[in-house]
Amino acid sequence: MPTVNRPSRSAEATFRSSARLKELMAAHFTGVDRAAREKSAPVAWCTSVGPVELLRALGYQVFFPENHGALLGASRVAGEVMGRAHALGYSPDICSYLTSDIGAYLARKSPLTRYGLSGAPRPDLLLYSTNQCREVRDWFEFYGREWNLPVVGVTSFRDLGEVEDSHVEAITRQLEGLIPALEAVAGRRLDAPALEQAVERSRTCSDLWRDCLNSSASRPAPLSFFDATIQMGPAVVLRGTAEACDYYRLLKAELSERVTAGAGAPHRERFRLYWDGMPIWGRLRDLSTLFASLGTSVVASTYCNSWVFDALDPRDPLRSMARASLELFIARAEGPKQRYLERMAHEFSVDGLVFHDARTCPNNSNVRFGLAQRLRRASHVPVLVLDGDLNDLRCFSDEQARTNIEAFVEQLEGAVPATAGGGHG
Amino acid sequence: MSAAPCYAGVDSGSWNTKAALVDAAGRVVATAIVRTGADVRAAAEQVVRDLLERAGVDRSAVTALWTTGFGRHAILDATSSRTELDAHARGALQYVSGPLTVIDIGGQDAKIITVDAEGRRVSHKMNRKCAAGTGSFLEEMALRLDVPIGALPALAQASREEIELGSFCTVFTGTEVLGLIRQGKRPADLARAAYRSVVKRVLEMERVEGTVVATGGVVAHHHMVVELLEQAIGSRVIVPRYAQEIGAVGVAYAARAAAAA
Numbered sequence: 001m002p003t004v005n006r007p008s009r010s011a012e013a014t015f016r017s018s019a020r021l022k023e024l025m026a027a028h029f030t031g032v033d034r035a036a037r038e039k040s041a042p043v044a045w046c047t048s049v050g051p052v053e054l055l056r057a058l059g060y061q062v063f064f065p066e067n068h069g070a071l072l073g074a075s076r077v078a079g080e081v082m083g084r085a086h087a088l089g090y091s092p093d094i095c096s097y098l099t100s101d102i103g104a105y106l107a108r109k110s111p112l113t114r115y116g117l118s119g120a121p122r123p124d125l126l127l128y129s130t131n132q133c134r135e136v137r138d139w140f141e142f143y144g145r146e147w148n149l150p151v152v153g154v155t156s157f158r159d160l161g162e163v164e165d166s167h168v169e170a171i172t173r174q175l176e177g178l179i180p181a182l183e184a185v186a187g188r189r190l191d192a193p194a195l196e197q198a199v200e201r202s203r204t205c206s207d208l209w210r211d212c213l214n215s216s217a218s219r220p221a222p223l224s225f226f227d228a229t230i231q232m233g234p235a236v237v238l239r240g241t242a243e244a245c246d247y248y249r250l251l252k253a254e255l256s257e258r259v260t261a262g263a264g265a266p267h268r269e270r271f272r273l274y275w276d277g278m279p280i281w282g283r284l285r286d287l288s289t290l291f292a293s294l295g296t297s298v299v300a301s302t303y304c305n306s307w308v309f310d311a312l313d314p315r316d317p318l319r320s321m322a323r324a325s326l327e328l329f330i331a332r333a334e335g336p337k338q339r340y341l342e343r344m345a346h347e348f349s350v351d352g353l354v355f356h357d358a359r360t361c362p363n364n365s366n367v368r369f370g371l372a373q374r375l376r377r378a379s380h381v382p383v384l385v386l387d388g389d390l391n392d393l394r395c396f397s398d399e400q401a402r403t404n405i406e407a408f409v410e411q412l413e414g415a416v417p418a419t420a421g422g423g424h425g
Numbered sequence: 426m427s428a429a430p431c432y433a434g435v436d437s438g439s440w441n442t443k444a445a446l447v448d449a450a451g452r453v454v455a456t457a458i459v460r461t462g463a464d465v466r467a468a469a470e471q472v473v474r475d476l477l478e479r480a481g482v483d484r485s486a487v488t489a490l491w492t493t494g495f496g497r498h499a500i501l502d503a504t505s506s507r508t509e510l511d512a513h514a515r516g517a518l519q520y521v522s523g524p525l526t527v528i529d530i531g532g533q534d535a536k537i538i539t540v541d542a543e544g545r546r547v548s549h550k551m552n553r554k555c556a557a558g559t560g561s562f563l564e565e566m567a568l569r570l571d572v573p574i575g576a577l578p579a580l581a582q583a584s585r586e587e588i589e590l591g592s593f594c595t596v597f598t599g600t601e602v603l604g605l606i607r608q609g610k611r612p613a614d615l616a617r618a619a620y621r622s623v624v625k626r627v628l629e630m631e632r633v634e635g636t637v638v639a640t641g642g643v644v645a646h647h648h649m650v651v652e653l654l655e656q657a658i659g660s661r662v663i664v665p666r667y668a669q670e671i672g673a674v675g676v677a678y679a680a681r682a683a684a685a686a
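Printed below as a string of structure tokens:
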């Protein structure tokens, strides 16, 4: 699910804090790479909403392959390399992060070269949670076989209606069961205060990031979805660290200034939209520019809120990690998803919802079981469905997307007149 | 040549570029159609020349020229533009009051547009990135059946046996048709099966409610699509005059409405 560190190329105003963001992300990539090369710290790969706090507490340097997948999409390297994975038996219909990343490994290509890395840093262990999808496990197991490394993880519940204590208990037991393997590779015992600190930092980061996102409930919204996909970098790859918390304090202050000044992103905000589903990484700039040109701001998204973990509690680290992992939107059934979207539409005062139906990401495409139609009927908020993909741009038609978006904005303008008659030729 | 003010609409489609001229009183004065070919701008210029000649109207009398269709942004001397979703809804509303559903089947895409009782567009759906359910699919089928596309309607009229084409995509359906030909199935039955396939794909896109209006080049030239649509939804389907040019008509009305505002 994750994010990209690159200069803001959207149509929107540049953030002052972006300079610090770039430094942080560069330090993250080079730090993990150095640890991998010099063996100065254990290195783990972790899924983007996986139990990273365990790794932080054990002194791991952590790399997030989904972040790499997003980088491959945004840099459009994905299209060059995915075919290598397809030829290996990984279908074009499965997660294009997976096929991009494995393809990039096989082709020895990576956007991380801009940070001086030759590619994704080689880990000592891979840790997944299937709370988001099964693909992450298959993805990590490829590398486990390739490098003969331990692959451990949580096989989570999916499509949960209510998150019940029995679910939380079961995941807590699995987290406990992971600890010996993580300790063995790290060469040290898990220290309870260190875990509590990591969970506390994750929670603080989550709260600050949520505050940043919620600033766009203001009119005009100071932070668009497109910029948020870049700004969320530290919430993904530095969750559980003090640096991430510091960064979001900085960003939050800047957003408060923007709200006070009435500065919106984009500058003109005739309409406010909500984005559900994955970003289309290779078209972020184009879409940002298009929406801005139509005076339309995409003010909130399910995606960027995926790194808000309200349940995290340092007083009960493992159990709260388990609950947080299960409460995520992506792990929930249609009922909670609809209630969440209705609440967000209301809180952010949106004029319409855009659903991205990502061809290779069924788990984060929420239009395939009638949700968009039910939501439209229940809330009377207009909805638009865009066909596309996170990384595989062959599944995306620029022209059709443009027409769909323009037509949706025309619809919001109430463009069609009520008058009939006259065309009698 | 008349110099009374009028409003032109150009619909730059994937196969054809259509144009319509609406006068100040809201009458459609003339329409024209040319092949789009590889030069969208040249086609637009040609269709406007044809339109004005047909209408007997001087270019200087055109108060505004609005565009729609996939090439709408490429036409340089356009005053403004609207998407084809908007243009088709507007065009249909000149003939039928809402609530209505517009089913537009063109060369490269199919659309379902829902309009409420007040004439406001409330939703739209376009086909996915696939030719199934569009004119391109029928062209492919005509090729497989070795007849010109223009001969497909007459061929299908001679059908006696109902055949279901089960494949989802155009390429697979082409292969399926070749297999059926080898089995000895009649081209007439396969032609009708191709039309049924188009209708099925289109109706899978969105629920169809209220008065149904069908537009687009496929509807205008392949009446069997309308017949099969009516069978499938169990009610009458209205095909407006200028079914193929309805986008151009709609966007010309948009130009006129803007001038009046």
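Going down the list, the protein sequences come from chains R and S.
For the first sequence, the numbering used here puts the final residue at 425, and the numbers step up evenly by one.
For the second sequence, the numbering used here puts the final residue at 686, and the numbers step up evenly by one.
The beta carbon of each residue, even a glycine, is placed where N, CA and C say it ideally should be.
Item                                                                                                                                                                                              : Value
Just checking: is the beta-carbon of S:Phe593 within a distance shorter than 8 angstroms of some beta-carbon in chain R?                                                                          : no
Mark R:His346 as exposed unless 16 or more other C-beta atoms lie within 10 angstroms of its C-beta, in which case mark it buried.                                                                : exposed
State the Cα-Cα distance for the pair R:Arg173 and R:His167, rounded to the nearest angstrom.                                                                                                     : 10 angstroms
Residues of the segment 272-290 of chain R with a CB closer than 8 angstroms to any CB of chain S: list them in chain order, please.                                                              : none
Measure the beta-carbon distance from R:Phe348 to R:Tyr274 and round it to whole angstroms, keeping in mind my assumption that it falls under 8 angstroms.                                        : 6 angstroms
Is the Cβ of S:Ser561 closer than 8 angstroms to any Cβ of chain R?                                                                                                                               : no
Does the distance from the C-beta atom of S:Glu565 to that of S:Gly591 stay below 8 angstroms?                                                                                                    : no
What span of residues does the beta strand (DSSP E) with S:Lys550 cover, start to end?                                                                                                            : Arg546 to Met551
Among the candidates S:Asp614, S:Trp440, S:Arg617 and S:Thr595, whose CA atom is the shortest distance from the CA of S:Cys555?                                                                   : S:Thr595
Are the CB atoms of S:Thr526 and S:Val633 nearer to each other than 8 angstroms?                                                                                                                  : yes
So what does DSSP say about R:Ala120, is it helix, strand or coil?                                                                                                                                : coil
Can you tell me whether R:Arg272 is helix, strand or coil according to DSSP?                                                                                                                      : strand
Quick check: is any heavy atom of the ligand NAD less than 7 angstroms from the C-beta of R:Met278?                                                                                               : Questions concerning the ligand NAD fall outside what the structure shown contains, since it holds no ligand whatsoever.
What are the boundary residues of the alpha helix (DSSP H) that includes R:His86?                                                                                                                 : Ala78 to Ala87
Is R:Asn391 close to chain S, meaning its C-beta is less than 8 angstroms from at least one C-beta of that chain?                                                                                 : no
With a CB to CB cut of under 7 angstroms and the five nearest residues on each side skipped, what residues in its chain are close to R:Arg16?                                                     : Glu254
Give every residue of the same chain whose Cβ lies closer than 6 angstroms to the Cβ of R:Pro279, excluding the five residues on either side of it in the sequence, and list them in chain order. : Thr229
Taking only runs that begin and end inside the segment 120-156 of chain R, name each unbroken beta strand (DSSP E) of 3 or more residues, in chain order.                                         : 125-129 and 151-154
From the DSSP secondary-structure annotation, give me the bridge partner or partners of R:Ala372.                                                                                                 : DSSP output for R:Ala372 lists no bridge partner at all.
For chain R, check one thing: does any of its Cβ atoms lie closer than 8 angstroms to the Cβ of S:Glu478?                                                                                         : no
Would you mind telling me which residues of chain S sit closer than 8 angstroms to R:Gly233, beta carbon to beta carbon, in chain order?                                                          : Neighbours of R:Gly233 on chain S: none; closest Cβ ~31 angstroms, over 8 angstroms.
Hey, does R:Ala184 have any beta-carbon neighbour from chain S nearer than 8 angstroms?                                                                                                           : no
Please list the partners that S:Phe495 has in chain R, where partner means a Cβ-to-Cβ separation under 8 angstroms.                                                                               : Glu399 and Thr403
At 7 angstroms on the CB atoms, spell out the chain S contacts of R:Ala407, in chain order.                                                                                                       : Thr508, Leu510, Asp511 and His549
How many angstroms separate the CA atom of R:Asp33 from the CA atom of R:Arg122?                                                                                                                  : 8 angstroms
Just tell me which of R:Pro266, R:His28, R:Ala87 and R:Arg258 has its CA closest to the CA of R:Gly116.                                                                                           : R:His28
I'd like to know if R:Gln411 contacts chain S, where contact means its C-beta is closer than 8 angstroms to some C-beta of that chain.                                                            : yes
Exposed or buried, what is R:Gln61 when buried is set at 16 or more other beta-carbons lying within 10 Å of its beta-carbon?                                                                      : buried
Determine the direct distance from the alpha carbon of S:Val676 to that of S:Ile500, and round the result to whole angstroms.                                                                     : 14 angstroms
Between which residues of its own chain and S:Gly496 is the CB-CB distance below 6 angstroms, once the five residues before and five after are set aside?                                         : Ser437 and Val465
Alpha carbon to alpha carbon, how far is S:Ile663 from S:Met551?                                                                                                                                  : 20 angstroms
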